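Asker: In case it helps, numbering that gives the first Met the number 0 puts the sequence shown at residues 0 to 143.
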Amino acid sequence: MVSDFVLTQGHCQGEQDGPEPVGLGSYGIDLHEIRRVVRDGMVWREGKGGGRVPRPYPIPYGTIIPSATEVTNLLVTFAISATHVAYGSTRMEPVFMILSQSAAIAADLALEEQIGVQGVSYPKLAARLIAAGQVLEAPHGTSA
Ligand SMILES: Cc1cc2nc3c(=O)[nH]c(=O)nc-3n(C[C@H](O)[C@H](O)[C@H](O)COP(=O)(O)OP(=O)(O)OC[C@H]3O[C@@H](n4cnc5c(N)ncnc54)[C@H](O)[C@@H]3O)c2cc1C
Numbered sequence: 000m001v002s003d004f005v006l007t008q009g010h011c012q013g014e015q016d017g018p019e020p021v022g023l024g025s026y027g028i029d030l031h032e033i034r035r036v037v038r039d040g041m042v043w044r045e046g047k048g049g050g051r052v053p054r055p056y057p058i059p060y061g062t063i064i065p066s067a068t069e070v071t072n073l074l075v076t077f078a079i080s081a082t083h084v085a086y087g088s089t090r091m092e093p094v095f096m097i098l099s100q101s102a103a104i105a106a107d108l109a110l111e112e113q114i115g116v117q118g119v120s121y122p123k124l125a126a127r128l129i130a131a132g133q134v135l136e137a138p139h140g141t142s143a
């Protein structure tokens, strides 16, 4: 999904924090090769890439909601709004489980208030997420 907010490599590597977190990611950027090619008698892994993630980073609510101009009753917790490089880090199954728990709580709030998922109040959502045991910021001094 490409939405109004797109998570990028800079967010994963701590250059800037994304707003309104609904979970954390921490796996290093790990882009699997698309195919193997032979060049100059050597096998090359085309598309392979990676990068260090220095500490757990916030994953914003904006990554799991579509643009309000497209659809208002959908939460997307696997094919999130992230670049190819950022997705190379967020694509871990525990992250998808974390985001899905947050999405369920957001959906509950939206239903309760009869509003679209984009209208959910972040302070209300964050309070419910914390009450449910979600971790929304990395404890001080944590490294990935
Ligand atoms: C090599 C590799 C190693 C990984 N290792 C880890 C790891 O150690 N830990 C970790 O947390 N994550 C790991 N991941 C990441 C994680 O496994 C994936 O991000 C996750 O499985 C993605 O889940 P998904 O449901 O989005 O897609 P998928 O698991 O790919 O599921 C999509 C399903 O849809 C089916 N499908 C596709 N098209 C159609 C169609 N038209 N009709 C019907 N069915 C269809 C596919 O057959 C497939 O079963 C790894 C990924 C890869 C590729």
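Every residue gets a Cβ at the ideal spot worked out from N, C-alpha and C, and that includes glycine.
Fair warning: this is a prediction, and the values are worked out from it, not measured in the lab.
For T82, which residues in the same chain have their Cβ closer than 8 Å to its Cβ, ignoring the five residues on either side in sequence?
Answerer: By one-based count along the sequence shown, residue 82 stands at place 83. Only V5, L6, T7, Q8 meet the Cβ criterion.
Asker: Ligand 1 and P93: does the residue's C-beta get closer than 7 Å to at least one heavy atom of that ligand?
Answerer: Looking up residue 93 in the sequence shown gives position 94. For ligand 1, at least one heavy atom lies less than 7 Å from the Cβ of P93.
Asker: With DSSP as the reference, label I104 as helix, strand or coil.
Answerer: For the purposes of this step, residue 104 is taken as residue 105 along the sequence shown, with counting starting at 1. Helix at I104.
Asker: Taking Cβ to Cβ, would you say S80 is nearer than 8 Å to V1?
Answerer: Here residue 80 refers to the residue found at position 81 of the sequence shown. Here residue 1 refers to the residue found at position 2 of the sequence shown. It is a contact, given that the beta carbons lie within the stated cut-off.
Asker: Would you kindly work out how many angstroms separate the C-alpha atoms of A131 and R90, rounded to a whole number?
Answerer: Position 132 of the sequence shown, counted from the first residue, corresponds to residue 131. Position 91 of the sequence shown, counted from the first residue, corresponds to residue 90. When rounded, the distance between both Cα atoms is 23 Å.
Asker: From what residue to what residue does the beta strand (DSSP E) around L135 run?
Answerer: Stepping through the sequence shown from its first residue, residue 135 is reached at position 136. Here L135 belongs to no beta strand (DSSP E), and DSSP marks it neither H nor E.
Asker: Applying the criterion that 16 or more other CB atoms from any shown protein chain within 10 Å of the CB defines a buried residue, is I129 buried or exposed?
Answerer: Taking the first residue of the sequence shown as position 1, residue 129 is located at position 130. Classification of I129: exposed, given that the 10 Å Cβ count is below 16.
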